[in-house]
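Novice: Here's a structure for you.
2 protein chains.
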Amino acid sequence: MDKRSHRYCVIMCGGIGSRFWPYSRTRLPKQFIDFLGTGRTLLQMSYDRISNIIPAENIVIMTNGLYADLVREQLPMIAPSQILLEPARRNTAPCIAWAAWHIAARDSEASMIVTPADHVITREADFELSVLNGFEFVESHDALLTLGISPTRPETGYGYIQIGDVVQDGINKVKTFTEKPDHELAKVFVASGEFFWNSGIFLWRASAIREALRRWAPDVAGAFDAAAHEVYRDHAAETEFIDKAFPGCVGISIDYAVMERADNVYVETVTFGWNDLGTWSALYDLSPKNIEQNVTQNCNVLAYNCRGNIFAVRGDKLIVADGLEDYIVADADGVLLICPKAREQKIKQMFTDAKVKFGDKYE
Amino acid sequence: MDKRSHRYCVIMCGGIGSRFWPYSRTRLPKQFIDFLGTGRTLLQMSYDRISNIIPAENIVIMTNGLYADLVREQLPMIAPSQILLEPARRNTAPCIAWAAWHIAARDSEASMIVTPADHVITREADFELSVLNGFEFVESHDALLTLGISPTRPETGYGYIQIGDVVQDGINKVKTFTEKPDHELAKVFVASGEFFWNSGIFLWRASAIREALRRWAPDVAGAFDAAAHEVYRDHAAETEFIDKAFPGCVGISIDYAVMERADNVYVETVTFGWNDLGTWSALYDLSPKNIEQNVTQNCNVLAYNCRGNIFAVRGDKLIVADGLEDYIVADADGVLLICPKAREQKIKQMFTDAKVKFGDKYE
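Chains A and B are the protein sequences, given in the same order. Quick note: the first sequence uses the numbering used here, first residue 595, plus one each step. Quick note: the second sequence uses the numbering used here, first residue 595, plus one each step.
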């Protein structure tokens with residue numbers, strides 16, 4: 595068997611994307627939407643990208659039970675046993691743990707890349723080279739590898755990774771993880787050349803992440819160690835076990851549970867044109883603009899005295915706007931949002947406020 | 595026969611209301627909408643108001659052919675022969691002329707009130723007294739009477755009437771008609787006590803307006819004089835004649851064609867709580883406001899840092915807005931408008947722009 599057959603990809607697509615509410619909805623999160631108007635959803639684009647380097651039968655989709663039909667519909671080539679349905683939302687650590695236990699049961703020599711489904715990557719050839727390089731590294735080292743993106747601006751919406759000693763060309767030890775910095779600090783980070791954006795894309799051997807989880811998040815690891823290997827090889831048995839065990843896990847991110855604690859954490863610094871599409875501003879930055887710097891997403895717009903806005907409306911709708919500057923105008927399925935880009939960090943809270951006030955009607 | 599049986603009312607409801615676009619639409623103009631959330635449309639409220647003083651069989655509805663079904667649906671008590679369908683849009687002079695010829699053929703002693711269907715009147719008892727007073731006057735004078743509203747603010751969106759000599763208590767000769775003044779001039783007008791808002795509500799004997807039209811707008815009068823009295827008494831014959839003759843009339847307002855020229859024009863000064871609902875600001879002023887001075891029309895709103903806005907959305911929709919001040923946000927049937935109240939005079943133009951760019955899709 596060649597190395598390639600031991601390589602796996604885990605695509606995580608269980609999130610709600612509430613920072614993109616109301617365009618992204620609990621019942622139809624952004625990863626299932628043709629966000630860039632390319633004819634493919636973000637999930638499909640993630641699949642297309644990775645299927646160039648990973649055998650189709652080694653691609654595992656992790657999602658919430660709610661989205662089973664959406665995944666089957668959008669990725670009809672994926673076997674049902676390759677779609678793992680989380681029975682509850684528990685952040686990334688339990689999700690990744692399950693994927694690792696599942697893959698390890700299939701293949702004791704497995705290495706894997708873990709990626710969210712909702713990122714945009716513009717230079718796919720560079721992406722492929724970086725990923726192959728990363729696989730080579732984790733297959734020959736006891737390493738948890740994260741991809742660090744060369745920053746192109748002092749973005750305050752991302753986490754940063756400070757690089758330590760060089761291990762080999764393009765791969766360094768991680769010195770620190772830093773949460774979203776303020777603008778001044780972000781400028782210092784970018785100028786230093788030592789800081790890279792934390793992409794949330796990871797590579798490791800299945801055995802390495804299992805060991806790390808057992809050491810740094812024994813509760814999470816314990817939940818999955820409670821089942822024998824055979825359980826993870828039998829789709830029905832696995833589902834039955836997970837439906838009981840998974841909801842008992844604490845909701846914790848893999849960064850917090852493992853990456854920020856372990857001492858075998860490395861970063862591969864990459865430059866493949868990455869955008870996490872985490873916010874409306876991220877989408878705005880990525881999108882073509884007209885002469886007034888307005889971005890129009892899937893809709894007809896008549897704009898008067900408008901500058902720097904993003905207009906996103908689902909359906910065949912007309913927006914007529916006058917006097918808006920640097921706003922998000924998003925309208926979908928019974929909810930209209932009008933919000934300054936500068937206050938987009940509040941959208942998640944607005945989503946929650948709407949839930950408190952109106953129940954799940956506008957979720 | 596008592597005087598009452600010779601009194602008629604003409605309700606004009608053929609307009610598009612494009613200054614209220616997109617809430618008011620070519621296919622469903624504002625007069626056919628329950629604009630104030632009272633359970634009655636503006637047309638129905640106009641009918642209810644006038645039916646207290648005018649016999650039901652003497653109420654004539656003038657509208658565009660497009661709205662025949664809407665009128666029949668909303669006023670099922672009105673006989674088909676009382677609904678006159680204009681085959682083309684020709685402003686108020688041809689509309690009023692037709693109504694006058696139609697009524698005169700029915701009743702040579704007829705007097706009539708002509709009123710738009712989309713005004714709001716808050717003090718109905720005062721309205722009734724004013725109208726009865728007006729009827730008495732026109733029945734005993736050769737007079738074209740208009741109702742002038744005592745101004746309560748220096749409104750720049752209305753026409754003004756300057757009063758001349760007193761004829762009797764509450765009724766004066768008209769000195770001048772003035773188009774929409776600027777703010778400074780409007781303040782002078784209001785302070786003077788000599789200027790009243792032009793309501794567009796008229797009273798006269800059918801014979802008086804016919805004479806005036808023959809003198810001041812002979813083209814218009816000629817079009818209707820071309821048919822014999824009998825034609826106007828036979829619904830089918832009248833329809834056939836009008837469908838041919840009406841489109842040939844010039845589009846001209848009754849103010850311009852007659853009122854500003856004739857020398858027997860009088861004004862009755864009234865104070866019955868009137869609003870022409872001509873603009874979003876007019877609706878805003880009329881509506882109850884929350885503590886942040888926002889007005890909400892038929893919709894759920896979550897407003898953050900918002901002041902002085904009017905939110906109007908058809909359907910069971912949620913608006914989430916942040917950082918808007920003194921805006922109109924209106925959403926209906928595939929069109930969303932976001933426009934500062936201060937620029938509402940442009941809405942008519944925006945409506946036209948949308949037509950030029952997208953055809954009749956968003957009309």
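For each residue, glycine too, the CB sits at the ideal point set by N, CA and C.
So residue 852(A) and residue 806(A) are in contact, right, with Cβ under 8 Å, and what is the actual spacing, rounded?
Specialist: 5 Å
Novice: Residues of chain B with CB closer than 9 Å to the CB of residue 948(A), please, in chain order.
Specialist: 894, 896, 912, 914
Novice: Could you tell me the boundaries of the beta strand (DSSP E) in which residue 641(A) lies?
Specialist: Note, residue 641(A): premise wrong, no beta strand (DSSP E); alpha helix (DSSP H) at 636–645.
Novice: Mind checking whether residue 861(A) and residue 755(A) have CB atoms under 8 Å apart?
Specialist: yes
Novice: Using a Cβ-Cβ distance under 8 Å, would residue 885(B) count as near chain A?
Specialist: no
Novice: Output needed for residue 640(B): all residues of its chain with C-beta closer than 6 Å, excluding positions within five of it in sequence on either side, in chain order.
Specialist: 605, 711, listed in sequence order.
Novice: Measuring only from the beta carbon, is residue 678(B) closer than 7 Å to any heavy atom that is part of the ligand SAH?
Specialist: This structure lacks the ligand SAH, and indeed carries no ligand of any kind.
Novice: Using 10 angstroms around the beta-carbon of residue 950(A), count the other beta-carbons present and answer buried if the total reaches 16, otherwise exposed.
Specialist: exposed
Novice: Would you mind giving the Cβ-Cβ distance between residue 936(B) and residue 920(B), rounded to the nearest angstrom? I have them listed as a contact below 8 Å.
Specialist: 7 Å
Novice: Which residue wins for smallest C-alpha separation from residue 871(A), given the options 812(A), 793(A), 865(A)?
Specialist: 793(A)
Novice: Which same chain residues, not among the five before or five after residue 827(B), have their C-beta less than 6 Å away from its C-beta?
Specialist: 699
Novice: Determine, using beta carbons only, whether residue 910(A) and residue 928(B) come nearer to each other than 8 Å.
Specialist: yes
Novice: Does the beta carbon of residue 872(A) come closer than 8 Å to any beta carbon on chain B?
Specialist: no
Novice: First and last residue of the alpha helix (DSSP H) that includes residue 835(B)?
Specialist: 829–839
Novice: For residue 638(A) and residue 669(A), what's the separation of their Cα atoms in angstroms?
Specialist: 7 Å
Novice: Quick one: what's got a C-beta closer than 7 Å to residue 774(B)'s C-beta in the same chain, skipping five residues either side?
Specialist: 750, 751, 752, 753
Novice: Using CA coordinates, which residue listed in 844(A), 672(A), 914(A) is at the minimum distance from residue 900(A)?
Specialist: 914(A)
Novice: Just to confirm, is the Cβ distance from residue 730(B) to residue 647(B) under 8 Å?
Specialist: no
Novice: List in chain order: all unbroken alpha helix (DSSP H) runs of 4+ residues lying wholly within the stretch 842–881 of chain B.
Specialist: 874–880
Novice: Hey, is residue 826(B)'s beta-carbon within less than 8 Å of any beta-carbon in chain A?
Specialist: no
Novice: Alpha carbon to alpha carbon, how far is residue 854(A) from residue 848(A)?
Specialist: 9 Å
Novice: Does the Cβ of residue 619(B) have 16 or more other Cβ atoms within 10 Å, making it buried, or fewer, making it exposed?
Specialist: buried
Novice: Let me confirm a value: residue 812(A) is counted as buried when at least 16 other C-beta atoms fall within 10 Å, else exposed. Which label applies?
Specialist: exposed
Novice: So, for residue 681(B): in the same chain, excluding its five sequence neighbours on each side, which residues have a beta-carbon less than 7 Å away from its beta-carbon?
Specialist: 659, 836, 837, 840, 841
Novice: Hey, residue 739(B) and residue 728(B) are a contact pair by Cβ (cut 8 Å); roughly how many whole angstroms apart?
Specialist: 5 Å
Novice: Quick check on the burial criterion: 16 or more other C-beta atoms within 10 angstroms. Buried or exposed for residue 760(A)?
Specialist: exposed
Novice: According to DSSP, what are the bridge partners of residue 686(A)?
Specialist: Its beta-bridge partners do not exist; DSSP assigns none.
Novice: Given this structure, state the Cα-to-Cα distance separating residue 726(A) from residue 743(A), to the nearest angstrom.
Specialist: 16 Å
Novice: If I follow the unbroken alpha helix (DSSP H) through residue 941(B), where does it start and stop?
Specialist: 941–952
Novice: Alpha carbon to alpha carbon, how far is residue 611(B) from residue 781(A)? Give it in angstroms, no decimals.
Specialist: Taking the CA atoms as reference points, residue 781(A) sits about 53 Å from residue 611(B).
Novice: Which residue wins for smallest C-alpha separation from residue 843(A), given the options 789(A), 686(A), 694(A), 714(A)?
Specialist: 686(A)
Novice: Does residue 959(B) have its Cβ less than 8 Å from a Cβ in chain A?
Specialist: The structure shown has nothing for residue 959(B), since chain B only spans 595 to 957.
Novice: Return the first residue and the last residue of the alpha helix (DSSP H) that residue 724(B) is part of.
Specialist: 718–734 is the extent of the alpha helix (DSSP H) around residue 724(B).
Novice: Since residue 923(A) meets chain B, which of its residues come closer than 9 Å, beta carbon to beta carbon?
Specialist: 930, 932
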